[in-house]
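The next block holds one structure in the form of structure tokens; read it before the comments.
Residue numbers (my numbering): 987 to 1078.
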């Protein structure tokens, strides 16, 4: 699913409106879409190449390291592990 910036902004806004200002809801959307992409790989491969190839393709898609990493990153700017909240002192 390839959304442009305004669609991404609208989806994030709707998610925050429904679930509150918790970024875990955005991660939940992203994880659900990632699972849907694995299912899509399986279904397309099964239609074109059969059950065995579809099973192998589904497992390979589910275990792809790059996809697993980017499931935990929002738009390439958030790290999978949130850093501590460090605030700089006000300039004097």
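Note that CB positions come from ideal geometry on N, CA and C, so glycine has one too.
DSSP state of residue i mapped onto helix, strand, coil
{"i": "residue 996", "result": "helix"}
{"i": "residue 1024", "result": "helix"}
{"i": "residue 1030", "result": "helix"}
{"i": "residue 1058", "result": "coil"}
{"i": "residue 1008", "result": "coil"}
{"i": "residue 1049", "result": "coil"}
{"i": "residue 1036", "result": "coil"}
{"i": "residue 1001", "result": "helix"}
Distance between residue j and residue i (C-alpha atoms, nearest Å)
{"i": "residue 1037", "j": "residue 1028", "result": "9 Å"}
{"i": "residue 1054", "j": "residue 995", "result": "23 Å"}
{"i": "residue 1013", "j": "residue 1023", "result": "15 Å"}
{"i": "residue 1041", "j": "residue 1056", "result": "23 Å"}
Nearest candidate by alpha-carbon position, reference residue i, set the options
{"i": "residue 1048", "options": "1003, 1001, 1021 and 1016", "result": "1021"}
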